Each structure stands twice: as structure tokens, then as C-alpha cells.
Amino acid sequence: MNWKTVKLDIMESGVAVLTMNRPETMNSVNDQFCADVQAACKEASENDAVKVLVITGAGKAWSSGGDISLLAKIKDPISAKEIYDASGELVTAIYEIKKPVIAALNGVVAGASVAACMACDLIIASEKARMGFTFMQLAFCPDSGASHFLIQKVGYHKALELLWFGKILNAEEAEKLGFFNKVVPHEECLPEAIRWAEALALQPLMTVGLDKKLLREAVRNDYYQQTELEAMYQVLTWSSEDFKEGCAAFAEKRKPVFKNR
84 MNWKTVKLDI MESGVAVLTM NRPETMNSVN DQFCADVQAA CKEASENDAV
134 KVLVITGAGK AWSSGGDISL LAKIKDPISA KEIYDASGEL VTAIYEIKKP
184 VIAALNGVVA GASVAACMAC DLIIASEKAR MGFTFMQLAF CPDSGASHFL
234 IQKVGYHKAL ELLWFGKILN AEEAEKLGFF NKVVPHEECL PEAIRWAEAL
284 ALQPLMTVGL DKKLLREAVR NDYYQQTELE AMYQVLTWSS EDFKEGCAAF
334 AEKRKPVFKN R
């Protein structure tokens, strides 16, 4: 785990903190950064000691999007597609983690990194956080799945407003639009995200994972498809030891102790 641009710290509680660590460039995305984030996500995903992942940034930014040195490599459609794919693979690496992923949004997030942020399951934001839909400034369309997440969050008309006018949202505006779960004082951003993560780590993680899958499928399923999927997942949870423990704890008026099986 000798990565140059990220750090991964795994706690005894089962919470892992992935820190994007290019503060001198506001954690902007270049080739090395893409490779390191993907590798760290793979480690967190496959390591049984990790139950919940928190992603944050070093310095004043979560991530400011594409590094200008990366964008300068665009010479033709082929190189443009290669760069787009690298950025998209970074977001996909976050999105495909089956465990809960919480963004501790410590500062600015802009460009393609907005998609990486929205690929997380929960977002705890500092009062100093800013969310910038700055593609238009470079005459770029959104990439890396940003349009997919954006229209789900705010709908067609608001999404176009944000894109066409390059809107930069402050923490309060982003929370009102539903981008953030919670805004906290700056110094509480990472500690609060870790508290949420530690609380999740004590939940029945099989059910947590199935909830994540259910809500993602709900976006494209109709009512009948979704209720069938719910029924299938209910059967899976009913057969688990954690379900039996939950019922026993409820009857005995005590807190359940889940073992994730």
C-alpha cells in the first residue's frame, strides 16, 4: 500500500479513512491520483477488516477536479477518451464498493470530482465546503457520471441551471438542494463522518448492503419490480442470524449484537 497520492488508515472499529493527499494541488486528479484512489478503494472493498469507508481530502479541498496537466494532454479524440475513461474509472471504483461509503467533504469539490463525491452513499460537509459545477468554464460537458447523479438529485431544470451557469454552491445551498446529509462546523467534519461510520459498522452489514442495492435499483424499477426485489431481499435477511438476534433483542428489550452473518 505504498501509494503516492492517497492514504488509507484502518481503525479497530472497522472504519477506514481514505485521505486524498495532494493538498498542494487541491487534490486535483492526475494519472497517479486515479490509479492510487482505485487501488485504495479495491483494498478497502476486499479487506474484511473494513466495514465502512470514509473518504476525505488533505488541506483545503476534497478534490478540485481534473489537474490542468492532465487536461493539457488532450490532443485528439483518442487522448480525450483515455483521460475521460481514467476519471470515470475513479468514480466507478467508489460507486462499486458494496460497503457503506461516506464522504467527509472538508472543502471545495469541483468538476469531475463532484461525481466522485456524489458516488458516495452519505455526505457530511464542512461549513466551508463548496460544490462547483464548473464544466462550462472549460467548455466541457459533465463527465464521469456527474449528469447521472445530478439529475437524480435536483431534476432536469435545476440540473441545467447548475451546469449552464457554472454554479458554485456553498454548504447551506447544497444542503437545501439535498446534496449533503449534514453540514457541521469545519473542525467537526471528519470526526462527525467517523461517528456516522462507527454507528453503521455496528449495524447488520448484510442488511446495510441490501438497502444500498435496493435504493439504487428503485431509480429504474417500477412499483411491481421493486416490490418483487424487496420480497427477495426480505427472504435473504429472514434467513440470517442477525435477523434472529434482532428479534431476540427486541423481545428482551436490549440492544442487538450483530455478527454479520
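So the sequence shown is numbered by our numbering: it starts at 84 and just counts up by one. Glycine included, each C-beta is placed from N, C-alpha and C at the ideal position. Computed from a predicted model, the values in this text were never measured in an experiment.
Ordered along the chain, which non-local residues of its own chain (more than five positions away) have a Cβ less than 6 Å from that of Leu188? Trp145, Ile206, Ala208 and Ala212
Count the CB pairs spanning the stretch 139 to 157 and the stretch 248 to 259 that are closer than 8 Å, and state whether there are at least three. no
DSSP three-state label for Trp145, please. strand
Within 10 angstroms of its Cβ, does Trp321 collect 16 or more other Cβ (buried), or is it exposed? exposed
Please state if the CB of Ala257 and the CB of Met214 are separated by a distance shorter than 7 Å. yes
Suppose the cutoff is 8 Å on Cβ atoms and the five residues either side in sequence are ignored; what does the same chain contact list for Glu172 look like? Cys117 and Gln121
Using 7 Å as the threshold, is the C-beta distance between Ser128 and Ile180 below it? yes
Pick helix, strand or coil for Val191, following the three-state DSSP scheme. strand
Go ahead and pull the three-state DSSP assignment for Thr88. coil
By Cβ distance, which residues of its chain are closer than 7 Å to Asn253, with the 5 residues on each side in sequence left out? Arg213
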